[in-house]
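The numbering of the sequence shown is my numbering, which starts it at 295 and goes up by one.
Inspection log for the structure reproduced underneath, given as structure tokens.
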Amino acid sequence: MPTKKRPILTVIIILGIAVLFLGTLMAIVLTFFGPSSSLSFGQKIGVIPIEGPIMESQSIVTQMVRFKKNKAIKAIILRIDSPGGGVGPSQEIYREVRRTIKTKRVIVSMGSLAASGGYYVAAGANKIVASPGTITGSIGVIMQFVQLKELLKKIGISMEVLKSGEFKDIGSPHREMSDEERELIQELIIDIQDQFVEAVAEGRNLPVESVREIADGRVFSGAKAKELGLVDLLGNFQDAVDLAKKETGIEGEVDLIYPKRVGPSIWDLILRGATKAIYESTIKALKTHIEYRWEGLPHSLE
């Protein structure tokens with residue numbers, strides 16, 4: 295009986311090895327010659343999507359540096375569909391964009407939304423392409439505080455705080471903010487707002503005062519933004535590709551190179567779900583952030 299099972303076992307092992315070999319071969323082919331590979335033939339343009347709230351910059355900055363160093367990639371398109379986000383991450387990406395344009399053309403293609411921090415990033419590029427109905431602008435700063443004093447009082451919880459200085463717990467959710475604290479926070483917001491205005495003026499080659507006049511947080515359509523000098527061209531993603539080709543002298547077909555997608559880890563798969571989403575949204579809501587973010591509903595114009 296055992297001898298009869300051996301041929302079957304041998305066949306299973308051989309089939310397993312063959313499947314593993316073919317899978318590895320396909321992975322190699324897709325890695326080196328797929329649509330996202332810089333080793334594919336033809337002229338190449340790198341495309342980096344920036345989607346959703348901008349809460350970190352490392353992945354985008356790292357990819358920009360890779361595309362910048364890759365001599366086969368002639369230009370970079372940033373495809374932005376974002377309401378903005380954290381001040382630090384937005385400024386870090388903007389800085390890398392400004393550094394990159396010294397050696398390569400960077401074109402921004404705006405999706406349905408590229409506001410606040412999304413526009414901050416875009417302003418550093420060589421050219422900006424937006425649809426007529428793109429929501430953009432929102433040049434401004436927002437800082438929000440959660441106030442839990444009355445809620446904690448109702449459930450019988452009180453806080454005792456020991457601090458090294460008068461303003462160490464400024465913005466605490468456990469007490470109301472004093473007038474002096476509000477003034478300090480407002481000074482901080484104005485300082486960071488000035489940084490935004492100066493970055494837009496530098497990136498768009500506009501007078502600081504003309505940018506300041508429209509830097510009250512209002513949003514614009516892509517068409518209005520073009521009138522104001524915040525956008526260069528009205529069009530879609532393909533128009534941005536054509537512009538990148540024109541700016542770099544590329545003729546004929548072009549290969550669009552996207553960042554390699556990294557799949558979720560086992561830990562991510564285990565933790566993903568409603569519980570994690572509720573936990574993270576609650577923690578984020580309780581944290582105080584200073585942001586370049588538009589607080590409107592991104593999909594309210596449909």
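Ideal Cβ positions, reconstructed from N, Cα and C, are used throughout, including at glycine.
{"Query": "If I measure Cβ to Cβ from residue 453 and keep anything under 6 Å in the same chain, skipping five residues before and after, which residues do I get?", "Result": "468"}
{"Query": "Where do the N-terminal and C-terminal ends of the beta strand (DSSP E) with residue 441 fall, by residue?", "Result": "Premise fails: residue 441 is in no beta strand (DSSP E) and is neither H nor E."}
{"Query": "Looking only at its own chain, which residues have a Cβ that is under 6 Å from the Cβ of residue 400, when we skip the five neighbours before and after it?", "Result": "370, 391, 394, 419, 420"}
{"Query": "Just checking, does the segment 454-473 make contact with the segment 434-442 on the three C-beta pairs under 8 Å criterion?", "Result": "yes"}
{"Query": "Please classify residue 585: is it buried, with 16 or more other beta-carbons within 10 angstroms of its beta-carbon, or exposed?", "Result": "buried"}
{"Query": "Can you list, in chain order, the residues of its chain with a C-beta nearer than 6 Å to that of residue 475? Leave out the 5 residues immediately preceding and following it.", "Result": "464"}
{"Query": "If you follow the beta strand (DSSP E) that residue 463 is in, where does it begin and where does it stop?", "Result": "Counting along the chain, residue 463 falls outside any beta strand (DSSP E), and DSSP gives it neither H nor E."}
{"Query": "Would you kindly check if the distance between the Cβ of residue 379 and the Cβ of residue 347 is under 8 Å?", "Result": "yes"}
{"Query": "Whole angstroms is fine: what's the gap from residue 507's alpha carbon to residue 352's?", "Result": "32 Å"}
{"Query": "Note down, in chain order, each residue of its chain lying with its Cβ closer than 6 Å to the Cβ of residue 385, except the 5 sequence neighbours on either side.", "Result": "none"}
{"Query": "Quick check: residue 493 and residue 414, are their CB atoms within less than 8 Å of each other?", "Result": "yes"}
{"Query": "Is it buried or exposed, residue 365, if we count other Cβ atoms within 10 angstroms and call 16 or more buried?", "Result": "exposed"}
{"Query": "Just verifying my parser: in three-state terms, what is the DSSP assignment at residue 308?", "Result": "helix"}
{"Query": "Helix or strand or just coil, what does DSSP make of residue 543?", "Result": "coil"}
{"Query": "Using a Cβ-Cβ cutoff of less than 7 Å, which residues in the same chain neighbour residue 519 once the five nearest sequence positions on both sides are dropped?", "Result": "424, 430, 431, 525"}
{"Query": "Which one or two residues does DSSP pair with residue 376 in a beta bridge?", "Result": "408"}
{"Query": "In chain order, what residues of the same chain lie with their CB nearer than 7 Å to the CB of residue 368, ignoring the 5 residues before and after it?", "Result": "337, 338, 339, 542, 544"}
{"Query": "For residue 597, which of helix, strand or coil comes out of DSSP?", "Result": "Here the chain covers residues 295 to 596 and nothing more, so residue 597 does not appear."}
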